[in-house]
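So the structure is just underneath, and the comments pick up after that.
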Amino acid sequence: MLKWTSYLDDEDGDEDENSRKPDMPMTAGPVQNALYKSRTVLIFGEIDMRLAERVTAQITAFAGESDKPIRVIINSPGGHVESGDTIHDMIRFCGATVKVIGTGWVASAGAHIFLGATKENRLCLPNTRFLLHQPAGGVRGQASDIQIEAEEIIKMQDRVNRMIAKETGQTFERVVKDTERNFWMSAEEAVAYGLVGKIITDASEV
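In terms of our numbering, the sequence shown opens at residue 258 and continues consecutively.
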């Protein structure tokens, strides 16, 4: 399971060259063509800057082509906070209706992305699990730098909790209490909480 991480986790703000993963090949083929025709974006795995760039490019391209709905399918353990912010905001900014479909697990920064869609457009498959929890950091260095990061994490935590409360209809106090520790929900529990609008079992329901 991935914690929420931020740019502050890297002391100089730069990604370690040795930690970067190679881009996935995006050569045209039957699968890519089918995804393009169905206006579908896949978010699978760790949320990072490269994934955010790809997803932003795809959403922007689809929205520029027409205002027909875009589907985003997400299965993610979470990851980088600011990358999640980018995708969350792009879902709202693009101008087209975006329907987000959760599958597998939708955790941490992945849940933040999921909440980028309006409630009626937040869907999930029956066996999806959801996880909400606090952002965490891990910066090393001078005491003053650690203090700055701690203050930023508190601000980030407050911002995310308020967004969760607004999008789910729960009180801010309830969300703060729930996210003090890992808060797991089944698909049914996520609907009751206000995180998910509808559980779907067939593509015709999208």
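Don't be surprised by glycine CBs; every beta carbon is placed ideally from N, CA and C.
- Checking the DSSP bridge columns, you'll see ARG328 partnered with THR297, LYS356.
- When the five nearest sequence neighbours on each side are left out, the beta carbons in the same chain lying within less than 7 Å of the beta carbon of ASN418 are those of PHE429, VAL432, VAL433, THR436, in order along the chain.
- Minimum Cα-Cα distance from GLN427 among the listed residues ARG379, GLU408, GLN404, LEU452 corresponds to LEU452.
- In the structure shown, GLY302 adopts coil according to DSSP, grouped into three states.
- Annotation: the continuous beta strand (DSSP E) that includes ARG386 extends over 386-389.
- Between PHE371 and GLY359 the beta-carbon gap is near 6 Å, inside 8 Å, which marks them as a contact.
- In the structure shown, ARG307 falls within a helical segment according to DSSP collapsed to helix, strand and coil.
- Between ILE327 and ILE316, the C-beta spacing is below 9 Å.
- Take SER340, set aside five residues on each side of it, and the residues of its chain with a beta-carbon closer than 8 Å to its own are ILE304, ASP305, MET306, LEU308, ALA309, ALA366, in chain order.
- For ARG438, the three-state secondary structure derived from DSSP is coil.
- Closest option to ALA444, judged by alpha-carbon separation, among GLY336, PHE350, ALA364, ILE411: ALA364.
- With contacts defined as CB atoms closer than 9 Å, LEU389 and PHE440 qualify as a contacting pair.
- In the structure shown, VAL363 adopts extended strand secondary structure according to DSSP, grouped into three states.
- Per DSSP, the unbroken alpha helix (DSSP H) holding ALA447 starts and ends at 444-450.
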